[in-house]
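Colleague:
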Amino acid sequence: MDLWVPDSQLDRADPQRTDPDWVRRIWSDDAVVLGIDARGDVAVTPDGTALDWRPASGEFVVERQFLLGLVDGVPHFAAALDELPRATSLREIGPTLDDTSLDLVTTAIALVNWHAVAPFCGVCGGPTQVRAGGTVRYCPRCERERFPRMDPAVIVAVLDDDGRLFLGHHVGWPQNRVSILAGFVSAGESLEQAVRREVAEESGLTLGEVRYVGSQPWPFPRSLMLGFVARATSVDAQVDGEEIEWGDFYSIDEVEQRVADGRLALPMPLSIASTMISSWRRGELDVAAPRRPDAL
Ligand SMILES: [Zn+2]
455 MDLWVPDSQL DRADPQRTDP DWVRRIWSDD AVVLGIDARG DVAVTPDGTA
505 LDWRPASGEF VVERQFLLGL VDGVPHFAAA LDELPRATSL REIGPTLDDT
555 SLDLVTTAIA LVNWHAVAPF CGVCGGPTQV RAGGTVRYCP RCERERFPRM
605 DPAVIVAVLD DDGRLFLGHH VGWPQNRVSI LAGFVSAGES LEQAVRREVA
655 EESGLTLGEV RYVGSQPWPF PRSLMLGFVA RATSVDAQVD GEEIEWGDFY
705 SIDEVEQRVA DGRLALPMPL SIASTMISSW RRGELDVAAP RRPDAL
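Numbering (the working numbering), first residue to last: 455 to 750.
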């Protein structure tokens with residue numbers, strides 16, 4: 455099972471988008487455009503419940519208008535704007551969107567965030583040019599292409615031998631909010647190393663078997679979340695107190711009771727943490743590979 459937008463109909467038009475004339479042409483070909491503001495928030499309709507896609511108008515501006523792709527043949531663009539009359543965070547509107555819309559919005563925010571910090575070449579400092587409808591920046595001086603950056607981060611559902619899940623409370627989070635453990639991959643580190651290091655640092659737990667379950671883009675501003683499930687070799691957690699304030703292993707029943715009476719609050723629906731915790735609550739997330747090929 456794909457964790458993220460398995461039913462998306464977005465065609466990123468990778469072969470066609472390398473032709474700048476084609477990109478320019480489809481801008482004036484019934485294209486629609488979605489504004490993203492300087493904070494990475496997305497344009498919404500006056501009632502705030504839907505994305506505010508507008509017909510593309512005016513001249514195509516390669517530096518501020520980025521091709522997301524085609525949906526049923528209709529070109530969809532993002533526009534980087536300083537301000538929007540009505541904008542909201544992907545965190546807020548995301549849970550209401552279908553897979554195709556989620557794919558489009560996440561791509562739009564990721565591209566706008568990247569272009570905002572990538573106008574100059576990281577090697578020679580010279581100005582770079584947008585290519586391929588916004589998925590490439592080119593440095594004429596170095597004659598090199600640059601691609602959108604993402605920061606890989608691992609997120610880990612740590613289980614004990616009884617299938618209980620470790621949930622930790624992050625310093626600074628609202629009271630009772632808990633989640634599974636996560637952290638950025640360090641330079642020169644594999645994902646599996648990052649999983650073991652982050653879990654050890656934050657919880658003091660050591661891990662036995664580790665299994666990859668899926669990934670999700672998280673453009674706040676540019677993370678790629680890589681989800682793992684792992685077995686702890688003991689239940690003697692020692693949280694670090696700096697990132698994780700408190701944490702413990704919980705059975706499914708204990709989580710249900712504590713969520714019902716407000717003692718625990720779980721992550722928001724859009725996040726990979728929420729998807730993984732929900733899968734565990736249904737009894738479908740374990741370190742052993744799933745028997746059903748479509749299970750998480
Ligand atoms: Zn350069």
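Quick reminder that beta carbons are idealized off the backbone N, C-alpha and C, glycines included.
Any heavy atom of ligand 1 closer than 8 Å to the beta-carbon of Arg598?
Modeller: The count along the sequence shown starts at 1 and reaches residue 598 at position 144. Checking every heavy atom of ligand 1 against the Cβ of Arg598, one is found closer than 8 Å.
Colleague: At what residues does the alpha helix (DSSP H) containing Ser669 begin and finish?
Modeller: Counted from its first residue, the sequence shown places residue 669 at position 215. Taken as a continuous stretch (DSSP letters only), Ser669 belongs to no alpha helix (DSSP H), being part of the beta strand (DSSP E) at 661-672.
Colleague: For Glu599, write down the residues that DSSP places opposite it in a beta bridge.
Modeller: The residue labelled residue 599 in the question sits at position 145 within the sequence shown. Per DSSP, Tyr592.
Colleague: DSSP puts Pro723 in a beta bridge; with which residues?
Modeller: Sequence index remark: in the sequence shown, residue 723 carries index 269 (1-based). Pro723 pairs with nothing; no bridge assigned.
Colleague: What residues are listed by DSSP as bridge partners for Arg585?
Modeller: One-based indexing of the sequence shown puts residue 585 at position 131. DSSP lists Val590 as partners of Arg585.
Colleague: Let's test the definition: count the other Cβ atoms within 10 Å of the Cβ of Cys593 and tell me whether it reaches 16, buried, or not, exposed.
Modeller: Taking the first residue of the sequence shown as 1, we reach residue 593 at position 139. Cys593 comes out buried.
Colleague: Quick check on this structure: which residue in Pro509, Pro673, Arg717, Val741 has the alpha carbon closest to the alpha carbon of Leu724?
Modeller: Numbered from its first residue, the sequence shown carries residue 724 at position 270. Of the candidates Pro509, Pro673, Arg717, Val741, the one whose C-alpha sits nearest the C-alpha of Leu724 is Pro673.
Colleague: State the Cα-Cα distance for the pair Pro539 and Gly502, rounded to the nearest angstrom.
Modeller: Taking the sequence shown and counting its residues from 1, the one referred to as residue 539 is at position 85. Taking the sequence shown and counting its residues from 1, the one referred to as residue 502 is at position 48. About 11 Å.
Colleague: Which term fits Pro573, buried or exposed, when burial requires 16 or more other beta carbons within 10 angstroms of its beta carbon?
Modeller: What you label residue 573 is simply residue 119 of the sequence shown in a count that begins at 1. Exposed, by the Cβ-count rule.
Colleague: Which residues mark the beginning and the end of the beta strand (DSSP E) in which Glu513 is found?
Modeller: For the purposes of this step, residue 513 is taken as residue 59 along the sequence shown, with counting starting at 1. Note, Glu513: premise wrong, no beta strand (DSSP E); not H, not E.
Colleague: Any heavy atom of ligand 1 inside 8 Å of the beta-carbon of Val577?
Modeller: Indexing the sequence shown from 1 puts residue 577 at position 123. Val577 Cβ: within cutoff of ligand 1.
Colleague: Using the three-state DSSP reduction, which class does Met730 fall into: helix, strand or coil?
Modeller: Mapped onto the sequence shown, residue 730 falls at position 276. Residue state, collapsed to three classes: helix.
Colleague: Could you check whether the Cβ of Arg603 sits closer than 8 Å to any heavy atom belonging to ligand 1?
Modeller: Residue numbering aside, residue 603 sits at position 149 when the sequence shown is read from its first letter. Checking the Cβ of Arg603 against ligand 1 gives no.
Colleague: Does the distance from the C-beta atom of Leu464 to that of Leu558 stay below 9 Å?
Modeller: Translated into positions along the sequence shown, residue 464 becomes position 10. Translated into positions along the sequence shown, residue 558 becomes position 104. Going by C-beta atoms, Leu464 is nearer than 9 Å to Leu558.
Colleague: Taking Ala497 as the reference, which of Phe531, Pro581, Asp468, Gly512 has the closest Cα?
Modeller: Working through the sequence shown from its first residue, we reach residue 497 at position 43. The candidate whose alpha carbon is nearest that of Ala497 is Phe531.
Colleague: Taking only three categories from DSSP, how would you classify Leu645?
Modeller: Stepping through the sequence shown from its first residue, residue 645 is reached at position 191. Of the three classes helix, strand and coil, the one that applies to Leu645 here is helix, per DSSP.
Colleague: For Ile609, which residues from the same chain have a beta carbon less than 8 Å from its beta carbon, with the 5 sequence-adjacent residues on both sides left out?
Modeller: As a first step, residue 609 is located in the sequence shown; it is residue number 155 there, counting from the start. Once the five neighbours on either side are set aside, the close Cβ partners of Ile609 are Ile634, Leu635, Ala636, Met679, Leu680, Gly681, Phe682, Ile726, Ala727, Met730.
Colleague: Looking only at its own chain, which residues have a Cβ that is under 6 Å from the Cβ of Leu535, when we skip the five neighbours before and after it?
Modeller: Here residue 535 corresponds to residue number 81 of the sequence shown, with the count starting at 1. Closer than 6 Å at Cβ, skipping near neighbours: Gly489, Asp491.
Colleague: According to DSSP, is Leu718 part of a helix, a strand, or is it coil?
Modeller: As a first step, residue 718 is located in the sequence shown; it is residue number 264 there, counting from the start. Residue state, collapsed to three classes: coil.
Colleague: Could you name the residues that DSSP lists as bridge partners for Ile490?
Modeller: Indexing the sequence shown from 1 puts residue 490 at position 36. Its beta-bridge partners are Val496, Ala534.
Colleague: Between which residues of its own chain and Glu697 is the CB-CB distance below 7 Å, once the five residues before and five after are set aside?
Modeller: What you label residue 697 is simply residue 243 of the sequence shown in a count that begins at 1. If we look at Glu697 and ignore the five residues flanking it on each side, its Cβ neighbours are His624, Val625, Glu656.
Colleague: Alpha carbon to alpha carbon, how far is Asp506 from Pro500? Give it in angstroms, no decimals.
Modeller: As a position in the sequence shown, residue 500 is number 46, starting the count at 1. As a position in the sequence shown, residue 506 is number 52, starting the count at 1. So the alpha carbons of these two residues sit roughly 9 Å apart.
Colleague: Suppose you measure from the CA of Ala562 to the CA of Val689; what does that come to, to the nearest Å?
Modeller: To locate residue 562, count along the sequence shown from 1; it is residue 108. To locate residue 689, count along the sequence shown from 1; it is residue 235. Taking the straight line joining both Cα atoms gives about 42 Å.
Colleague: With burial defined as no fewer than 16 other Cβ atoms inside 10 Å of the residue's Cβ, what is the status of Asp495: buried or exposed?
Modeller: Counted from its first residue, the sequence shown places residue 495 at position 41. When all chains shown are included, Asp495 counts as buried.
Colleague: What residue from Val584, Trp476, Val649 has the CA that sits closest to Arg598's CA?
Modeller: Within the sequence shown, the letter at position 144 stands for residue 598. The residue with the shortest Cα to Cα distance from Arg598 is Val584.
Colleague: Going by the beta-carbon positions, is the gap between Val639 and Asp605 smaller than 9 Å?
Modeller: Here residue 639 corresponds to residue number 185 of the sequence shown, with the count starting at 1. Here residue 605 corresponds to residue number 151 of the sequence shown, with the count starting at 1. Against a cut-off of 9 Å, the Cβ pair of Asp605 and Val639 comes out as a contact.
Colleague: Between Gly580 and ligand 1, is the CB less than 8 Å from at least one heavy atom?
Modeller: By one-based count along the sequence shown, residue 580 stands at place 126. Answer for Gly580: yes, Cβ within range of ligand 1.
Colleague: Residues bridged to Met679 by DSSP?
Modeller: For the purposes of this step, residue 679 is taken as the residue at position 225 of the sequence shown. DSSP, once it has assigned bridges, lists Ala607, Gln670 as partnering Met679.
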